[in-house]
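Enquirer: In terms of the UniProt record's numbering, the sequence shown opens at residue 50 and continues consecutively.
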Amino acid sequence: ASTLGASAAEQGRYFGTAIAAGRMGESDYMNVLNREFNSITAENEMKWDALEPSRNSFNFSTADRIANHARSQGMMLRGHTLVWHSQLPDWVKNLSANDMRSAMNNHINRVMGQYRGQVHSWDVVNEAFADGSGGGRRSESPFQQKLGDGYIEEAFRTARAADPNAKLCYNDYNTDNWSHAKTQGVYRMVRDFKSRGVPIDCVGLQGHFNSGNPVPSNFQTTLQSFADLGVDVQITELDIAGSGSQQANDYRTIVQACLNVARCTGITVWGVTDKYSWRSGDTPLLFDGNYNKKQAYNTVLEVLNNG
Ligand code: G3I
Numbered sequence: 050a051s052t053l054g055a056s057a058a059e060q061g062r063y064f065g066t067a068i069a070a071g072r073m074g075e076s077d078y079m080n081v082l083n084r085e086f087n088s089i090t091a092e093n094e095m096k097w098d099a100l101e102p103s104r105n106s107f108n109f110s111t112a113d114r115i116a117n118h119a120r121s122q123g124m125m126l127r128g129h130t131l132v133w134h135s136q137l138p139d140w141v142k143n144l145s146a147n148d149m150r151s152a153m154n155n156h157i158n159r160v161m162g163q164y165r166g167q168v169h170s171w172d173v174v175n176e177a178f179a180d181g182s183g184g185g186r187r188s189e190s191p192f193q194q195k196l197g198d199g200y201i202e203e204a205f206r207t208a209r210a211a212d213p214n215a216k217l218c219y220n221d222y223n224t225d226n227w228s229h230a231k232t233q234g235v236y237r238m239v240r241d242f243k244s245r246g247v248p249i250d251c252v253g254l255q256g257h258f259n260s261g262n263p264v265p266s267n268f269q270t271t272l273q274s275f276a277d278l279g280v281d282v283q284i285t286e287l288d289i290a291g292s293g294s295q296q297a298n299d300y301r302t303i304v305q306a307c308l309n310v311a312r313c314t315g316i317t318v319w320g321v322t323d324k325y326s327w328r329s330g331d332t333p334l335l336f337d338g339n340y341n342k343k344q345a346y347n348t349v350l351e352v353l354n355n356g
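(1) Quick check: is any heavy atom of the ligand G3I less than 7 Å from the C-beta of residue 92?
(2) If we ignore side chains and look at the alpha-carbon of each, how far apart do residue 156 and residue 294 end up?
(3) By DSSP, does residue 324 sit in helix, in strand, or in coil?
(4) Quick one: does the C-beta of residue 134 sit closer than 7 Å to a heavy atom of the ligand G3I?
(5) Return helix, strand or coil for residue 290, following the three-state DSSP convention.
(6) So, with DSSP's three-state summary, where would you put residue 104?
(7) Quick one: give me the first and last residue of the alpha helix (DSSP H) that residue 121 is part of.
(8) What's the gap between the Cα of residue 239 and the Cα of residue 267?
(9) Output the distance between the C-alpha atoms of residue 140 and residue 105, rounded to the nearest integer angstrom.
(10) Along the chain, where does the alpha helix (DSSP H) that runs through residue 236 open and close?
(11) For residue 328, which option in 287, 310, 302 and 299 has the closest C-alpha, if you only look at C-alpha atoms?
(12) Helix, strand or coil for residue 71? Go by DSSP, reduced to three states.
(13) I need the straight-line Cα distance from residue 251 to residue 170, nearest angstrom please.
Given below as C-alpha cells:
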C-alpha cells in the first residue's frame with residue numbers, strides 16, 4: 050500500500066501519530082494526518098493538567114476535538130495518559146494520601162468513562178520508573194511518595210473496571226535496551242502483575258532515540274521478552290534524532306523489530322512534522338518542516354510493505 054496506515058494495516062498493525070489540537074487548523078498538517086495515519090494520540094490534551102485542572106472539575110472540550118476527529122476519520126485513538134508525575138496540577142501534589150488515592154481513582158473513572166468504547170489502549174501509568182542503574186521506582190513522583198509502590202497496581206485495577214474493553218498499558222522511556230536496569234525493573238513489575246492477576250494488557254515503549262539513547266541492537270529481544278510475559282507491546286512515541294541514511298536505518302531497525310514480534314500491535318510516531326517536534330532543533334520525524342516525505346519515511350513504508 051502507499052501510505053503508512055494502510056501498509057501497517059496489511060500487517061495487522063496500526064501506524065499512528067501524536068497530534069496537537071492547536072495545529073488542527075493547518076490544512077497541510079491535517080492532510081498528511083488524514084492521508085498517512087490510522088491512529089491518533091493527543092500529545093498533551095488528555096493529560097491530567099489539561100482534563101482536571103482543579104479537583105473534580107473536568108474540561109474535555111479540547112480532547113474531545115481530537116477524539117471526534119479520530120472518529121470522523123475512522124482512526125483509532127490511544128489514550129495518553131492517566132497517572133503521571135508530570136503535567137500534574139499542584140492541587141494533586143498537595144493532597145493527603147487518602148485524598149490522593151480517591152482523586153487518582155476518580156480521575157481514572159471520569160476520563161476513561163468519557164472515552165469508553167473509543168480509546169483502544171490507555172497509558173494507565175506513565176514513567177513510574179527511575180533512570181539510572183537501580184531499576185527502581187521514580188522517587189520524585191507524588192503518587193510514589195504518598196501511596197508507595199501499590200499505586201500502580203491500584204490504578205490498573207481501577208482502570209479495568211472503568212473500561213473493561215480498553216487495553217491497559219504501562220508506558221515508559223529508556224526501556225528499549227534489554228540490558229538496561231530500567232528495562233529490567235519494568236519487566237519484573239509486569240511479570241509480577243501477570244503472576245498475581247493484576248490486570249495489564251500491554252507495555253508501551255516510547256522510543257525516543259538520540260545519541261544519548263541510541264537504537265539498541267537488542268531492541269527486538271526487548272519486545273519479544275515483554276511479549277513472552279503475555280502482554281502486547283506497542284511503540285508509543287517514536288522519534289529518532291538525526292537525518293539521512295543513519296536516521297532511516299534506525300527507523301528500519303525499530304519497525305522491522307515490531308513486525309518480527311507477533312504481539313507488537315502498532316507504532317506511533319511522536320508528531321506529524323519536524324516543524325512541531327517537542328525536540329526543537331532536531332529533525333526526528335518522518336515528514337520535514339514542509340511536509341515532504343523524508344528518507345526515513347520511504348524506508349518505513351518499504352519495511353511495512355515487505356513484512
Ligand atoms: O499549554 C501551555 C501554554 O498555555 C503556554 O503558553 C506554553 C508556554 O510554555 O506552554 C504550554 O504548555 C506546553 C505544552 O507542551 C503544550 O504545548 C508546556 O510548556 C510544554 O512543557 C509541553 O511539552 C510537552 C511535554 O510532553 C511535557 O512533559 C510536549 O509537548 C510533549 O511532546 C511531551 O510528551 C512527552 C510524553 O507525554 C511522555 N513521554 C515523553 C514525551 C516527550 O517529552
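The beta-carbon is built from N, C-alpha and C at its ideal position, and this holds for glycine as well.
Expert: Reading from the atomic positions:
(1) What you label residue 92 is simply residue 43 of the sequence shown in a count that begins at 1. Result yes, Cβ under 7 Å from the ligand G3I.
(2) What you label residue 156 is simply residue 107 of the sequence shown in a count that begins at 1. What you label residue 294 is simply residue 245 of the sequence shown in a count that begins at 1. Linking residue 156 to residue 294 through their CA atoms gives a straight-line distance of about 44 Å.
(3) Along the sequence shown, read from residue 1 onward, the residue named residue 324 stands at position 275. In the structure shown, residue 324 sits in a helix (DSSP, three-state: H, G or I).
(4) As a working note, residue 134 is residue 85 in the sequence shown. Not under cutoff, so the answer is no.
(5) For the purposes of this step, residue 290 is identified with residue 241 of the sequence shown, where counting begins at 1. Correct three-state label for residue 290: coil.
(6) The residue you call residue 104 lines up with position 55 of the sequence shown. Looking at residue 104 - three-state DSSP - the assignment turns out to be coil, as it is neither helix nor strand.
(7) If you number the sequence shown from 1, residue 121 lands on position 72. Looking at the DSSP string, the run of the alpha helix (DSSP H) that includes residue 121 is 110–121.
(8) Start at 1 with the first residue of the sequence shown, and residue 239 comes out as number 190. Start at 1 with the first residue of the sequence shown, and residue 267 comes out as number 218. Spanning the two alpha carbons is a distance of roughly 19 Å.
(9) Reading the sequence shown from its first residue, position 91 is the one you call residue 140. Reading the sequence shown from its first residue, position 56 is the one you call residue 105. If I take the Cα positions, the gap works out to 11 Å.
(10) The sequence position of residue 236 within the sequence shown is 187, counting from 1. Element bounds for residue 236: 230–245.
(11) Here residue 328 corresponds to residue number 279 of the sequence shown, with the count starting at 1. Nearest C-alpha to residue 328: 287.
(12) Here residue 71 refers to the residue found at position 22 when the sequence shown is read from its first residue. Looking at residue 71 - three-state DSSP - the assignment turns out to be helix.
(13) As a working mapping, residue 251 is identified with position 202 in the sequence shown. As a working mapping, residue 170 is identified with position 121 in the sequence shown. Looking at the two C-alpha atoms, the distance is approximately 8 Å.
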